[in-house]
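Protein sequences appear in the order of chains A and B.
For my numbering, add 24 to where a residue sits in the first sequence, where the first one is 1.
For my numbering, add 24 to where a residue sits in the second sequence, where the first one is 1.
Structure first, then comments.
Protein chains: 2
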Amino acid sequence: MVELEGRRREILRMIIDDYILTAEPIGSEAVRGRHRLGVSSATVRNEMAALEELGYLQQPHPSAGRIPTDQAYRVYVDSMLEEEQVSSAERARIRRTLAVPELDRAVEQATRALAVATDCASVAAGPSPHQQVVRHLHLIPLTPHRALVVAVTDTEVFKGQMVEFQEATTAEECDRLSQEISRRITGRPLSDLTDRMLDKVIGEATLYQRVLDQVGRLLRDQILHPSARVHTEGTANILKQPEFRDVRRAQPVLSALEREDIVEELLRGGLGQKRVRVMIGAENRREEMRDCSVISAPYYVGEHAAGVLGIVGPTRMRYGKIIGLVRFLAESLGDALNQF
Amino acid sequence: MVELEGRRREILRMIIDDYILTAEPIGSEAVRGRHRLGVSSATVRNEMAALEELGYLQQPHPSAGRIPTDQAYRVYVDSMLEEEQVSSAERARIRRTLAVPELDRAVEQATRALAVATDCASVAAGPSPHQQVVRHLHLIPLTPHRALVVAVTDTEVFKGQMVEFQEATTAEECDRLSQEISRRITGRPLSDLTDRMLDKVIGEATLYQRVLDQVGRLLRDQILHPSARVHTEGTANILKQPEFRDVRRAQPVLSALEREDIVEELLRGGLGQKRVRVMIGAENRREEMRDCSVISAPYYVGEHAAGVLGIVGPTRMRYGKIIGLVRFLAESLGDALNQF
DNA sequence: GTTAGCACTCTCTGGCGGAGAGTGCTAACC
DNA sequence: GGTTAGCACTCTCCGCCAGAGAGTGCTAAC
């Protein structure tokens with residue numbers, strides 16, 4: 025990729041800025057007129073032709089203005105962006121909504137706030153399962169044949185599931201069993217908890233084989249299996265964008281956003297990143313998302329990235345504003361969670 | 025409303041049947057041709073004019089065919105419908121997906137199955153909160169200052185929330201407190217659990233005032249507050265319907281379906297109904313839903329209606345097939361839940 | 001009561017022409 | 001050499017029109 029310098033670079037920036045606001049192809053005269061450029065439209069035209077040659081611009085049809093390519097958005101985001109600060113009024117408002125006593129709900133609130141503020145679909149993934157450690161595991165006896173098993177991880181997520189005893193079991197037996205399982209499972213990262221390991225734990229208490237199976241299922245399905253940890257909000261916002269006025273374009277995107285596995289896949293990469301990550305158009309692996317950008321950021325609990333949140337919108341989006349918002353929400357959510 | 029008899033009634037039925045399949049206005053010639061009617065198109069025209077006069081048909085524009093009104097769908101559903109049976113292969117397939125060990129997930133699976141089978145948006149509301157009784161309430165000590173409170177209702181729903189102690193509390197104290205609260209709250213319908221009642225319970229244990237506040241919040245916000253109990257699936261299916269090819273028509277519907285309070289409101293009435301309820305077009309109170317029909321049915325756990333599930337689709341939908349499916353899924357979900 | 005026939009109305013489609021927007025190219029200019 | 005004015009060219013968009021097609025309501029005859 026060729027480095028852009030001086031005026032040419034400025035012109036590209038103007039075109040992207042204008043296109044983001046208007047969603048209309050930008051012509052040479054519009055560039056010269058709206059911004060006080062000391063050159064004629066013919067000169068701008070020459071530059072624009074060069075920018076097209078370099079792969080930064082494209083024409084929807086031969087005599088229309090130009091629109092930015094994914095590559096243009098890429099340099100725009102990487103080196104032309106003025107990240108907008110979130111207004112202090114909005115900061116305060118958002119912080120208040122995050123003051124809820126539970127991780128899941130705080131994440132949900134953050135997702136919602138993001139959807140409202142950006143007019144995009146907003147997504148979040150909860151704690152990355154493989155780094156989690158089960159801190160507590162309790163069996164709560166309900167009837168002689170039923171109990172509720174509750175597991176709490178180090179990131180304060182808890183999950184429960186009903187388990188059934190084959191034989192009647194007293195509350196005391198249940199307590200004992202609870203402690204027994206707890207002793208072997210807690211403090212150990214869930215990523216270690218392969219089926220084999222679980223079998224070993226189970227082997228020593230064959231009487232409660234079935235209960236242990238069920239506990240294992242809880243851990244695997246509800247805590248390890250990450251899809252249940254995805255939040256999505258504001259997908260209908262996608263329809264407000266002019267590029268998705270055509271239902272046939274919008275439908276695949278909305279369908280994809282309904283699938284937790286796809287959302288999880290979109291966000292997964294963001295966890296490794298230190299800060300805000302921007303995936304533009306075809307940079308997203310998913311075919312359905314080739315007209316969309318995904319902006320995501322991990323949120324931290326203590327030192328480790330507990331999860332990711334972000335937005336999905338058209339590639340033509342207000343990157344400056346939205347990156348600022350995603351960054352702020354990731355930080356705020358982290359702050360809120362750290363208060364636990 | 026005038027009773028419809030004989031041929032006129034048959035013609036209306038044909039028009040509705042055809043329109044449901046084609047989504048195109050139906051003309052007199054089409055009615056005569058597709059079904060072997062022993063009369064000419066002129067006669068059909070006379071009948072159609074009468075049906076329009078009576079409010080059953082309308083013309084999108086003066087020289088188009090006719091389409092059914094909400095009123096037409098109403099008599100269609102009430103008295104012309106052959107409810108389609110769900111194929112035994114599909115019955116088996118759906119029953120398998122519902123065999124999960126937990127109410128919430130069974131409801132989720134049922135909603136998903138419904139969305140896939142009907143190509144409509146599918147919604148469900150969990151157990152009606154006011155009829156619920158808390159059966160078990162446990163405090164699980166995590167640290168000296170934190171515990172997880174878990175409540176289990178008679179419909180096997182459980183919810184948890186973190187609570188904080190102002191002063192360090194031992195596991196034994198925590199257990200004692202747990203039993204104390206449990207004794208006073210369990211077995212009592214949640215609808216009795218007004219703020220005043222809660223205060224009375226709390227009054228006797230002022231030391232743990234704050235914990236009790238938090239327990240109260242759990243019960244009110246998570247179990248009483250029904251919005252968290254709404255599932256929605258397949259909203260993007262709405263976009264597949266030709267009547268929603270125009271984004272401006274689809275957007276309000278999708279936005280409404282994203283709001284849990286609206287979905288809950290749509291379903292609420294269905295709980296009282298003994299069986300399948302069909303709300304057609306403007307029969308729905310919500311302005312956004314005037315182009316949609318909602319078909320819902322309560323599912324039973326034992327003798328009492330535990331929740332409602334159903335679909336939202338265009339008024340032009342295959343009522344026969346979908347009513348059959350909703351009925352079957354409500355029954356199957358009830359069966360699945362009764363096995364607990 | 002039913003039907004054939006017909007005039008009427010409306011939509012839909014394709015073609016056409018002009019306006020408008022934007023371009024690339026060329027030649028002149030600094 | 002970079003810049004610019006001018007111009008021909010291309011393409012979309014819009015309104016217009018005409019013809020085809022669909023469907024109707026009305027009338028008069030059966």
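Beta carbons are placed, not taken as given, at the ideal position from N, Cα and C, and that holds for glycine.
Query - Spatial distance of B:D365 from B:P338 (CA atoms) - result: Examination of residue 365 of chain B is not possible in this model, given that chain B is present from 25 through 364 alone.
Requested in this report: Compare the C-beta of B:K345 against all C-beta atoms of chain A and say whether one is closer than 8 angstroms.
Outcome: B:K345 has a beta carbon lying at 8 angstroms or more from every beta carbon in chain A.
Report task. Would you identify the three-state DSSP class for B:G22, choosing helix, strand or coil? Result -> Shown here, chain B extends from 25 to 364; a query on residue 22 of chain B therefore has no answer.
Requested in this report: Name, going along the chain, the residues of the segment 274–306 of chain B whose beta-carbon falls closer than 9 angstroms to a beta-carbon of chain A.
Outcome: Listed in sequence order: A274, Q275, P276, V277, L278, S279, A280, L281 and E282.
Query raised in the report: Looking at the C-beta of B:E126, does it have a partner C-beta in chain A at a distance below 8 angstroms?
Result: It does: the Cβ of B:E126 has a partner Cβ on chain A nearer than 8 angstroms.
Query - Three-state secondary structure assigned by DSSP to A:C316 - result: Note: A:C316 maps to strand in three-state DSSP.
Query raised in the report: Quick one: any contact between the segment 181–196 of chain A and the segment 179–195 of chain B, if contact means 3 or more CB pairs under 8 angstroms?
Result: Counting Cβ pairs under 8 angstroms, three or more are found: they touch.
Query raised in the report: A:A260 versus chain B: which residues are under 7 angstroms apart at the beta carbon?
Result: By Cβ distance, chain B contributes Q275, L278, S279 and E282.
Query raised in the report: Mind pulling the alpha helix (DSSP H) runs of 4 or more residues that sit fully within the segment 103–172 of chain A?
Result: Taking only runs of at least 4 residues, the alpha helix (DSSP H) segments lying wholly in the segment 103–172 of chain A are 112–122 and 127–142.
Query raised in the report: Which word fits B:N261, buried or exposed, when buried means at least 16 other C-beta atoms lie within 10 angstroms of its C-beta?
Result: Buried, because 16 or more other Cβ atoms sit within 10 Å of the Cβ of B:N261.
**Report entry** B:R32 in three-state terms, based on DSSP
**Finding:** Looking at B:R32 - three-state DSSP - the assignment turns out to be helix.
Requested in this report: Would you please state the rounded distance, in angstroms, between the beta carbons of B:V147 and B:G334? I believe it to be under 8 angstroms.
Outcome: Confirmed, Cβ separation roughly 6 angstroms.
**Report entry** Interface residues of chain B facing A:I164 [CB-CB closer than 7 angstroms]
**Finding:** Going along chain B in sequence order, the residues near A:I164 (Cβ under 7 angstroms) are H160, H162 and V174.
Query raised in the report: A:Q297 to A:E126, Cα distance in whole Å?
Result: Put simply, the backbone Cα of A:Q297 is about 25 angstroms away from that of A:E126.
Query raised in the report: Relative to chain A, which residues along the segment 182–199 of chain B have a C-beta separation below 7 angstroms, given in chain order?
Result: Residues of the segment 182–199 of chain B with a C-beta atom less than 7 angstroms from some C-beta of chain A are F182, G184, Q185 and M186, listed in chain order.
Report task. Report the three-state DSSP secondary structure of A:P250 (helix, strand or coil). Result -> With a pLDDT of only 48 at A:P250, under 50, the local geometry of the prediction cannot be trusted, and no value is derived from it.
Query - Limits of the alpha helix (DSSP H) - the one that B:R299 falls within - result: Membership of B:R299 in any alpha helix (DSSP H) is not indicated, and neither H nor E is assigned to it by DSSP.
Requested in this report: Measure from the alpha carbon of A:Y323 to the alpha carbon of each residue in A:V300, A:G344 and A:R340, then state which is nearest.
Outcome: Of A:V300, A:G344 and A:R340, the residue nearest in Cα terms is A:V300.
Requested in this report: State the Cα-Cα distance for the pair A:S64 and A:N70, rounded to the nearest angstrom.
Outcome: In a straight line, the C-alpha of A:S64 is about 10 angstroms away from that of A:N70.
**Report entry** CB contact flag (B:I346, B:V101, <8 angstroms)
**Finding:** At least 8 angstroms separates the beta-carbon of B:I346 from that of B:V101.
Query raised in the report: Is B:M313 closer than 8 angstroms to B:I44 when the C-beta atoms are compared?
Result: Taking 8 angstroms as the Cβ cut-off, B:I44 and B:M313 do not qualify as a contacting pair.
Query raised in the report: Does B:L333 have its Cβ less than 8 angstroms from a Cβ in chain A?
Result: Closer than 8 angstroms: no.
Query raised in the report: Measuring CA to CA, which of A:A149, A:E191, A:T210 and A:M104 is closest to A:N174?
Result: In the sequence as presented, Asn is not what sits at residue 174 of chain A; that position holds Val. Considering only alpha carbons, the answer is A:T210.
Query raised in the report: Is the Cβ of B:V157 closer than 8 angstroms to any Cβ of chain A?
Result: Chain A, which has no Cβ nearer than 8 angstroms to the Cβ of B:V157, makes this no.
Requested in this report: Indicate whether B:L357 and B:L122 have their beta-carbon atoms separated by less than 8 angstroms.
Outcome: Yes.
Query - Contact with chain B by A:V325, beta-carbon distance below 8 angstroms - result: Judged by the 8 angstroms Cβ criterion, A:V325 is not in contact with chain B.
Requested in this report: Identify whether A:D270 lies in helix, strand or coil by the three-state DSSP scheme.
Outcome: Three-state DSSP puts A:D270 in a strand.
Report task. Would you check if there are 3 or more beta carbon pairs closer than 8 angstroms linking the segment 277–287 of chain A to the segment 160–169 of chain A? Result -> No, the segment 277–287 of chain A does not touch the segment 160–169 of chain A.
Query raised in the report: Just how far apart, CA to CA, sit B:E53 and B:D41?
Result: Here the alpha carbons of B:D41 and B:E53 stand approximately 15 angstroms from one another.
Report task. Determine the direct distance from the alpha carbon of B:R200 to that of B:R207, and round the result to whole angstroms. Result -> One C-alpha to the other measures close to 11 angstroms.
Query raised in the report: Rounded to a whole number of angstroms, what is the C-alpha to C-alpha distance between B:T365 and B:E197?
Result: Lying before the first or after the last residue shown, residue 365 of chain B is absent from chain B, which here runs from 25 to 364.
Query raised in the report: Could you give the residue range of the alpha helix (DSSP H) that holds B:I209?
Result: Per DSSP, B:I209 belongs to the alpha helix (DSSP H) from A195 to I209.
Requested in this report: Would you mind reading off the limits of the beta strand (DSSP E) that contains B:I335?
Outcome: Its beta strand (DSSP E) spans residues H328 to P338.
Query raised in the report: Thinking C-alpha only, which one of B:R32, B:A73, B:L78 and B:H85 is nearest B:L61?
Result: Cα-wise, what sits closest to B:L61 is B:R32.
Query raised in the report: When we look at the beta-carbon of B:E257 and count the other beta-carbons within 10 Å, is it buried (16 or more) or exposed?
Result: Classification for B:E257: buried.
Query - A:V271 beta carbon less than 8 angstroms from that of A:L290 - result: Pairing A:L290 with A:V271 gives a Cβ-Cβ distance that is not under 8 angstroms.
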